[in-house]
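Peer 1:
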Amino acid sequence: MGLKVCKFGGTSMADGNIILAGAKIIKSDAERRYVVVSAPGKRFGGDIKVTDLLYKCSDAYEKGDKLTFEETFKKIRIRFLNIEAEIGRTFGMDEMLDEVKAEILNGAGEDYCASRGEYLAARIMAEVLEIPFVDATEFVRFDKDGALDEITFELGKKVLSKYERAVIPGFYGLGFDGKVKTFSRGGGDISGSIVARSMMATLYENWTDVSGFYACDPRIVNSPKLIEELSYQELRELSYMGANVLHSESIFPVRSAGIPIRICNTFRPDDAGTYIVKTSTRDVRANVVTGVAGKKDFTIISLEKSMMNAEVGFVAKVLDVIGKRGISFEHLPSGIDTMSLVIDNAHLKDGVLAEIVEEMRQAVHPDKIYTHENIALVAAVGYGMVRNVGTSARLFKAISEAGINVVMIDQGSSELNIIVGVENEDCGACINAIYREFFN
Ligand code: ASP
-10 MGLKVCKFGG TSMADGNIIL AGAKIIKSDA ERRYVVVSAP GKRFGGDIKV TDLLYKCSDA
50 YEKGDKLTFE ETFKKIRIRF LNIEAEIGRT FGMDEMLDEV KAEILNGAGE DYCASRGEYL
110 AARIMAEVLE IPFVDATEFV RFDKDGALDE ITFELGKKVL SKYERAVIPG FYGLGFDGKV
170 KTFSRGGGDI SGSIVARSMM ATLYENWTDV SGFYACDPRI VNSPKLIEEL SYQELRELSY
230 MGANVLHSES IFPVRSAGIP IRICNTFRPD DAGTYIVKTS TRDVRANVVT GVAGKKDFTI
290 ISLEKSMMNA EVGFVAKVLD VIGKRGISFE HLPSGIDTMS LVIDNAHLKD GVLAEIVEEM
350 RQAVHPDKIY THENIALVAA VGYGMVRNVG TSARLFKAIS EAGINVVMID QGSSELNIIV
410 GVENEDCGAC INAIYREFFN
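So in the numbering used here, spot 35 of the sequence shown is number 24, and the numbers just go up one at a time.
#1: List the whole-angstrom C-beta distance separating Leu118 from Tyr23, where the pair is believed to meet the contact cut-off of C-beta under 8 Å.
#2: Where do the N-terminal and C-terminal ends of the alpha helix (DSSP H) with Glu346 fall, by residue?
#3: With DSSP collapsed to three states, give me the class of Phe318.
#4: Could you tell me which uninterrupted alpha helix (DSSP H) segments, each at least 4 residues in length, are contained entirely in the region 360 to 428, listed from first to last along the chain?
#5: For Met296, does the count of other Cβ atoms within 10 angstroms reach 16, so buried, or fall short, so exposed?
#6: Residue range of the alpha helix (DSSP H) that Glu51 falls in?
#7: Taking 7 Å as the cut-off, is the CB of Ala3 close to at least one heavy atom of ligand 1?
#8: With distance defined between alpha-carbon atoms, name the residue in Ile67, Asp41, Val156 nearest to Ser173.
#9: Under the rule that 16 or more other beta-carbon atoms within 10 Å means buried, what is Ala155, buried or exposed?
#10: Let me check you understand the geometry: is the CB of Ala28 closer than 7 Å to at least one non-hydrogen atom of ligand 1?
#11: Taking Asp166 as the reference, which of Ser317, Gly135, Lys147 has the closest Cα?
#12: Run through the region 77 to 142 for me and flag every whole alpha helix (DSSP H) of 4 or more residues, listed as ranges in chain order.
#13: Which residues in the same chain as Phe142 place their Cβ atom closer than 6 Å to its Cβ, once the five residues preceding and following it in sequence are excluded?
#14: Just grab the DSSP bridge partners of Leu330 for me.
#15: Would the beta-carbon of Arg112 be found less than 7 Å away from any heavy atom of ligand 1?
#16: Per DSSP, Ile358 is paired with what?
#17: Specify, as a first and last residue, the run of the beta strand (DSSP E) that Pro242 falls within.
#18: Classify Phe234 as helix, strand or coil using the three-state DSSP reduction.
#19: Can you list, in chain order, the residues of its chain whose CB lies under 8 Å from that of Glu404, leaving out five sequence neighbours each side?
#20: With H, G and I counted as helix, E and B as strand and the rest as coil, what does DSSP make of Thr57?
#21: On the CB-based measure, 16 or more other CB atoms within 10 Å of its CB, does Asp354 come out buried or exposed?
#22: Which one or two residues does DSSP pair with Tyr193 in a beta bridge?
#23: When you compare each of Asp132, Thr279, Gly340 to Ser228 by their alpha carbons, which one comes out closest?
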């Protein structure tokens, strides 16, 4: 018999009725033994996620803004009391929220505060399913650099094997300092993946509010094609580029063990969904591009110098300038006498860009150094791309026929993607142009 780990995201935990629908899904399959949950998310457009309310509480506490703290905490309390009312049972939410409030006022910290949405949601789901609650701090561990500690999988197996079934809160674990520590936003997906790997699940089901992974963001392209199957690497590339169905780091725990992920829709549980597997069985001749995604707000710093190729240590010196400031780069396209660095605008605010350019000038004395701000990166991703002659020609023809100027080109060395840099305002049109060429 197989073993499935199910992760229910924020919209699948948003109110009591949806939680009951999720419980029904879990109970309908005896293989669904370990359940990871997110905090209640948005119930409707304009609603606020519990996690966002918790961050607001923590911020208000830090600033000593008592009024905002009280008002926001009240909203959180109402969310959980409403869930109890919708389910028609009490789970001790009022008392648990009193404890949470006391801890926050005791200085428990931002991560503790932010993690409580998952904690309380998991307590509810465990009661509804009548199975044990196991806290994530019992096995999800971070190392001194804040990265996931490998011991997590061993501990996870040890702790979870004691239970036939269990509910675990997503999004957090125990930091190196012994305090609650969260993953980055949307990190409940990583928690689900950790549980799947710890228990060597046969399938990791990620229950959300869409019926799978689409070839493009439906907010950008009208009714895009659903991808039935894609590889871990294709998923990583697409989610990194802004396709936000799954957290881009969530494949790492399951990848080495080859555990497939299935994206499923809590609101349409009979839909087939999307399978994410080690090696896709899709016909690469028929499916040239698997998906197209884009991300805005990057800056390109380009350097030119004659004989750059022969100058030992040139790139290292340039990278040292940003490395010293703790700034990472996203891409590094280069030629014989040119190199460019693509950096997220978030790192370059408040005059940092000008300082970096000056430091690079001093470090390597380029013939020319120039910047291009407000760039969007658009990636076409798919194993079929290198296996089909003429793919880049088709891609660039489609972009140019749409009247879009390409500022930068980067063909990934994985031969899995072609990334183009365009002006921010051309991002949507560029995605549409590539989609029309390869999917219509
Ligand atoms: N609740 C967290 C967030 O909103 C984590 C998650 O939902 O996965 O980011």
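C-beta: ideal position from N, C-alpha, C; glycine also.
Peer 2: Considering the structure as presented:
#1: Tyr23 and Leu118 do not touch by the CB rule: their CB atoms are close to 11 Å apart, not below 8 Å.
#2: Reading off the sequence, residue 346 comes out as Val, not Glu. Segment 341 to 353, the alpha helix (DSSP H) holding Val346.
#3: coil
#4: Whole alpha helix (DSSP H) segments, 4+ residues: 373 to 376, 380 to 390, 416 to 428.
#5: exposed
#6: 39 to 52
#7: no
#8: Asp41
#9: Sixteen is the threshold: when 16 or more other Cβ atoms of the shown chains lie within 10 Å of the Cβ of Ala155, as they do, the residue is buried.
#10: yes
#11: Selected option, being the one with the closest Cα: Gly135.
#12: With a minimum length of 4 residues, the continuous alpha helix (DSSP H) runs that stay inside the region 77 to 142 are 82 to 94, 99 to 118.
#13: Arg186, Ser187
#14: Ile290
#15: no
#16: Leu292, per the DSSP bridge assignment.
#17: Segment 240 to 244 is the alpha helix (DSSP H) holding Pro242; no beta strand (DSSP E) there.
#18: First, the amino acid is wrong: residue 234 is Val here, not Phe. Coil at Val234, not helix or strand.
#19: Met374, Val375
#20: helix
#21: Sequence check: residue 354 is His here, not Asp. So His354 ends up on the exposed side.
#22: Val(-6), Ile250
#23: The candidate whose alpha carbon is nearest that of Ser228 is Thr279.
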